[in-house]
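> Residue numbers (full-length UniProt numbering): 1 to 139.
Glycine is no exception: its CB is placed at the ideal position from the N, C-alpha and C atoms.
Quick one: this structure, given as structure tokens, is what I'll be asking you about.
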């Protein structure tokens, strides 16, 4: 308990030493400062049909986000495994396609430039991500 209170005091002292807005700064002249009073009645209103509206919201959300996809797929383990294998194959095909396009994108400046400076300049201007750099080096 004693250690916690010491740390708390130390934190309070640091806040006093380093205020969020230094006192010397007059960001807004006092004549132009306005205070706004907002009440919750202005912002929030009681919804007498809350449960009905909440159900409608959930239906729309499921439609948009496709949260209820599990009903359209086979739910047994074999169906899940087939779906996972299909997804992995699709990902691999997509990665291979992306890598081939990246290699073509890199190959073009290399072939069209006479000097290595021009080639390096154009390759640097491509702003490749880290994963693409690795694919470029391995390819």
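Hey, residue 146 and residue 109 are a contact pair by Cβ (cut 8 Å); roughly how many whole angstroms apart?
This structure cannot speak to residue 146, because the chain is shown only from 1 to 139.
> According to DSSP, is residue 27 part of a helix, a strand, or is it coil?
coil
> Quick check on residue 61: does DSSP put it in helix, strand or coil?
helix
> By DSSP, does residue 128 sit in helix, in strand, or in coil?
coil
> Return the CA-CA distance between residue 46 and residue 52, expressed in angstroms with no decimal places.
14 Å
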